[in-house]
Amino acid sequence: MNKLFKICILFFVLSWSLLAQEDSAPVVDSIFRSVVLIRNEGFNTENKTQPWMKKNLYTGFGSGLVLPNQTILTNAHVVRDAKRILVKSSFTKKEYLADVKFIGYDCDLALLQVADPDFSEQTTTLSFLEGIPNLGSDVLLLGFPNGNDSLSIEKGSVLRFEKNRYTYSGLDYRNVLKITANIQPGNSGGPAVQNGKVVGLVFQISTLEQGIAYLISNDIIRHFLEDIADGKYDGFPNIGFTFQNGNPKSLKQAMKVPSDQTGIFVNRIYPSSTFSKVLKEKDFVTAVDSLPLSNDGEISESNKKEFIIDWIENKQLNSKVTVSYYRAGRKYDAEVNLQKNYALDLYRDSTEDYFLQAGFVFQPITRSFFHSEDGDLDSSLKYHYSYFIQDLLYRYTTRDIVLSYTFNDPETSKYKKYKYKVVESINGRVPKDLNEFKTIWKDGKKSFIVLRFRGMDLPIVLRPESVYQMNQRVKKRYGANYEEF
């Protein structure tokens, strides 16, 4: 990352509000030149839960908004895993190579960089609207549906400003603008414009309501751009604990909290999160940065009420915050650095890591299993994935490992019922992740390999000579390479 690029990005972030206050609306030509078509060339596997299969070349399409310094803002899902990215405006036939400089999977945003200086001569940039557009007001959606070379314009109407699940990560709830619009594949990453100003970025459609789409709102875009101004993307901080409201006076009395004090009771704190080194279960949190908390967890600031979860996530990672709380009748104040809830990354990950030995394939549990065509998932697998955080399963492993596939072989046929079972131990040890699982297997390869699975009484026991023979047969019959030590 060169210094000039960092300075330009920082300048763009700081000048956001100034640009947004310009009175003169850009001419139509300038608006059209601010949007580009994005072609993403990459490779994918036929089945995410069988990553050793042959990979296929594919081309994806999307749209992007031109920003200063020959950069382009688009969706993360438009460019993820791209091996080659080409962008072009509808005003020229020339395609420009672009590289992904920053990508935020938790907010579905990415920033691309174009090196060719000619790009800036063919494109323009727009300013962003401060605040949110009026409900019921019209917006123009610009993009390249279905990867067409010609720019298309769709009219939409703002229905609501709300919080909604970002389907790309499948986990994060962030601010969105709900609109009426006929959005198609290829529109993702294109801007919504009102009076010549950007009001959001197209990123997903409703699966429940026809003709409904969603925009990433400007406050989320602003957070992303401010984050990368230092040359790296950190993400959004997370409160890192669950809580219940502070209404019950009898509970306050039992916890020695003044009856007239408002705040929230801490239920559970997740490891390596923002308050994990400060707060404990049953603490009563009364304020953050001297801003009082209501019994429902709301903060009042500048005549605006905001839920504590949103207040935290609107700040940048590693920002300092002071928390005030009661414990056993005493009041405390502590300063913390805002952090992510790293344990939640389990639910975002769709890694293709795997370990193949003896005709068995082992993989860490990811959401890929739940998006595969195989609907016969084991109930224990669903449980260990869905409740890994809620039921504190992370106390045992960093990531559960599952037997995801068994190749047809005389030695493995009797273990078909073990498919999708979660590994409990290997040679008496509980592996914290796939890398440790590999290490334990390697250490025991000259003796028996004993695999125990949750929900199965009998283990799988493999002799060294059987492992070698099965590896050779699987490689010869299926072309699947086992991992050699």
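Quick note, the sequence shown lines up with residues -20 to -1, 1 to 465 if you use mature numbering (1 follows the signal peptide of the UniProt record, and there is no 0). Note that CB positions come from ideal geometry on N, CA and C, so glycine has one too. A quick note: this is a predicted structure, and the numbers were derived from the prediction, not measured.
Give the range of the beta strand (DSSP E) segment to which residue i is assigned.
i: aspartate 313; result: 310 to 317
i: tyrosine 194; result: 192 to 197
i: tyrosine 458; result: Tyrosine 458 -> not in any beta strand (DSSP E); alpha helix (DSSP H) instead, spanning 444 to 458.
i: lysine 285; result: 284 to 287
i: asparagine 225; result: 221 to 225
i: glutamine 30; result: Run containing glutamine 30: none; DSSP gives neither H nor E here.
i: tyrosine 385; result: 381 to 386
i: isoleucine 159; result: 153 to 160
i: aspartate 79; result: 76 to 84
i: leucine 139; result: 132 to 145
Alpha carbon to alpha carbon, what distance is there between residue j and residue i?
i: residue 466; j: proline 171; result: Residue coverage of the chain in this structure runs from -20 to 465, which leaves residue 466 outside it and unanswerable.
i: aspartate 358; j: glutamate 404; result: 15 angstroms
i: glutamine 224; j: leucine 442; result: 50 angstroms
i: serine 280; j: serine 274; result: 8 angstroms
i: valine 46; j: glutamate 75; result: 14 angstroms
i: asparagine 253; j: tyrosine 376; result: It is serine, not asparagine, that sits at residue 253 in the sequence shown. The alpha-carbon atoms of serine 253 and tyrosine 376 are separated by roughly 18 angstroms.
i: alanine 267; j: asparagine 144; result: 27 angstroms
i: lysine 232; j: valine 265; result: 12 angstroms
i: alanine 308; j: lysine 295; result: 30 angstroms
i: glutamate 332; j: isoleucine 133; result: 38 angstroms
i: glutamate 261; j: tyrosine 398; result: 38 angstroms
i: glutamate 315; j: lysine 212; result: 24 angstroms
i: serine -4; j: tyrosine 306; result: Because serine -4 carries a pLDDT of 40, less than 50, the predicted location of this residue cannot be relied on, and the following value inherits that uncertainty. Their backbone Cα atoms lie some 40 angstroms apart in a straight line.
i: serine 393; j: threonine 386; result: 8 angstroms
i: glycine 44; j: valine 179; result: 14 angstroms
Could you check whether residue j and residue i sit closer than 9 angstroms to each other, using their CB atoms as the reference points?
i: tyrosine 400; j: valine 382; result: yes
i: arginine 379; j: isoleucine 420; result: no
i: valine 119; j: proline 125; result: no
i: arginine 154; j: isoleucine 200; result: yes
i: tyrosine 194; j: phenylalanine 221; result: no
i: phenylalanine 216; j: lysine 362; result: no
i: arginine 328; j: serine 149; result: yes
i: glycine 123; j: asparagine 167; result: yes
i: valine 410; j: glycine 435; result: no
i: isoleucine 244; j: aspartate 276; result: yes
i: leucine 17; j: asparagine 128; result: yes
Return the chain-ordered list of same chain residues with a C-beta closer than 8 angstroms to the C-beta of residue i, the five sequence neighbours on each side being excluded.
i: tyrosine 448; result: none
i: lysine 63; result: Glu21, Gly22, Phe23
i: threonine 242; result: Gly226, Thr266, Pro272, Leu273, Ser274, Asn275
Report all residues from its chain with a CB closer than 6 angstroms to the CB of residue i; omit the five preceding and five following residues, and keep chain order.
i: lysine 285; result: Glu278
i: serine 186; result: Ile192
i: glutamine 184; result: Thr147, Tyr194
i: leucine 115; result: Val138
i: alanine 323; result: Tyr250, Ile369, Tyr374
May I ask which residues mark the beginning and end of the alpha helix (DSSP H) holding residue i?
i: asparagine 361; result: For clarity, residue 361 is leucine in the given sequence; the question names asparagine instead. Taken as a continuous stretch (DSSP letters only), the alpha helix (DSSP H) holding leucine 361 covers 359 to 366.
i: aspartate 422; result: The question names aspartate, yet the displayed sequence has lysine at residue 422. Taken as a continuous stretch (DSSP letters only), the alpha helix (DSSP H) holding lysine 422 covers 414 to 423.
i: lysine 229; result: 229 to 234
i: glutamine 296; result: Neither: glutamine 296 is in no alpha helix (DSSP H) and is coded neither H nor E.
i: alanine 95; result: No alpha helix (DSSP H) holds alanine 95; DSSP gives it neither H nor E.
Does the beta carbon of residue i come closer than 9 angstroms to any beta carbon on chain D?
i: phenylalanine 255; result: Judged by its chain identifiers, the structure shown contains no chain D, having just a single protein chain.
Can you list, in chain order, the residues of its chain whose CB lies under 7 angstroms from that of residue i, leaving out five sequence neighbours each side?
i: leucine -17; result: With a pLDDT of 45 at leucine -17, under the threshold of 50, the modelled position of this residue cannot be trusted; read the value that follows with caution. Answer for leucine -17: no residue qualifies.
i: asparagine 407; result: Ile420, Gly424, Ile429, Val430
i: glutamine 164; result: Pro125, Asn126
Tell me, please, whether the region 168 to 187 touches the region 6 to 17 by the rule of three or more beta-carbon pairs shorter than 8 angstroms.
-> yes
Hey, is the region 206 to 219 in contact with the region 122 to 138, meaning 3+ C-beta pairs nearer than 8 angstroms?
-> no
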